[in-house]
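Asks:
Given below as structure tokens:
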């Protein structure tokens, strides 16, 4: 009957406004009022996150990770998860396909983790949030910086100032994917600079990126920030990947 088809069509339209879980495909009507619209509760709870309690929120407390990141210039490392599915799907989709809703979810999870862990981990509150910049040529081609899409809502959630212009990438390097740690360090030497001086009251800086692999980018940026007057740098990323071949 016509009215049944009409009701069915309206119902399907209603479901489409709610969306589907990005992992299992189930309707998201049960979280329609939550902060994120990407995952159902079951899939959200099943994400392969790091056990933050074991390392007190700072992955540098994990001996294997500390050993894999020698001669670092940053003081704390906070990551959500190892670089495993679904993050191996999400981060490229955010980076290259403009799926900005992924950034919203990940920034929410990062903010929750920071609020739960930083009081027991860090000895001083953060003063400023920065994001790892893209070279202007790459930014013009892509149209956005995925690290900025993570850092901006994180700063809003943590009620911290965010600066997206002071840290500048001066070299348009080739992709770092597949390079060893030594190759990355050589490529990134002098790749960043500060467009202006840091205020004297900025001592603890959070630097946000999507993935930490060898730590070369984080290390180079931390060195610059400390030379400019920062006393502490905390690296915050969504994922951590440390393949043995890259050390």
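In the numbering used here, the protein residues as written are 1 to 247. All residues carry an ideal CB built from backbone N, CA and C; glycine is no exception. Since the model is a prediction, treat every value here as computed from it, not as a measurement.
Can you pull the DSSP bridge partners for residue 232?
Replies: For residue 232, which the question treats as bridged, DSSP gives the partners 204.
Asks: Do you know offhand how far residue 235's Cα is from residue 20's?
Replies: Roughly 32 Å separates the two Cα atoms.
Asks: Less than 8 Å between C-beta atoms, sequence neighbours within five positions excluded: which residues of the same chain meet that for residue 170?
Replies: So the qualifying residues of the chain are 135, 190, 191, 192, 193.
Asks: Please report the Cβ distance between residue 84 and residue 240, rounded to the nearest whole angstrom; I am assuming they are in contact, meaning their Cβ atoms lie under 8 Å.
Replies: Incorrect: roughly 10 Å between the Cβ atoms, too far for contact.
Asks: Below 7 Å between beta carbons: does that hold for residue 219 and residue 72?
Replies: It is a contact, given that the beta carbons lie within the stated cut-off.
Asks: Which first and last residues belong to the beta strand (DSSP E) in which residue 79 is found?
Replies: Unbroken beta strand (DSSP E) run through residue 79: 76-82.
Asks: Can you tell which of 214, 216, 208, 197 has the C-alpha that lies nearest to the C-alpha of residue 229?
Replies: Selected option, being the one with the closest Cα: 197.
Asks: Suppose contacts are defined by Cβ-Cβ distances below 7 Å. Is residue 232 in contact with residue 75 by that definition?
Replies: Taking 7 Å as the Cβ cut-off, residue 232 and residue 75 qualify as a contacting pair.
Asks: Whole angstroms is fine: what's the gap from residue 96's alpha carbon to residue 86's?
Replies: So the alpha carbons of these two residues sit roughly 16 Å apart.
Asks: Pick from 157, 149, 115: whose alpha carbon is nearest that of residue 164?
Replies: Minimum Cα distance to residue 164 is reached at 149.
Asks: Below 7 Å between beta carbons: does that hold for residue 106 and residue 207?
Replies: Their beta carbons are not under 7 Å apart, which means residue 106 does not touch residue 207 by this criterion.
Asks: Just confirm the distance between the C-beta atoms of residue 146 and residue 210, as a whole number of angstroms; I'd bet it's less than 8 Å.
Replies: Sure, about 5 Å apart at Cβ, within 8 Å.
Asks: Just mark residue 195 as buried or exposed, buried being the case when its beta carbon has 16 or more other beta carbons within 10 Å.
Replies: So residue 195 ends up on the exposed side.
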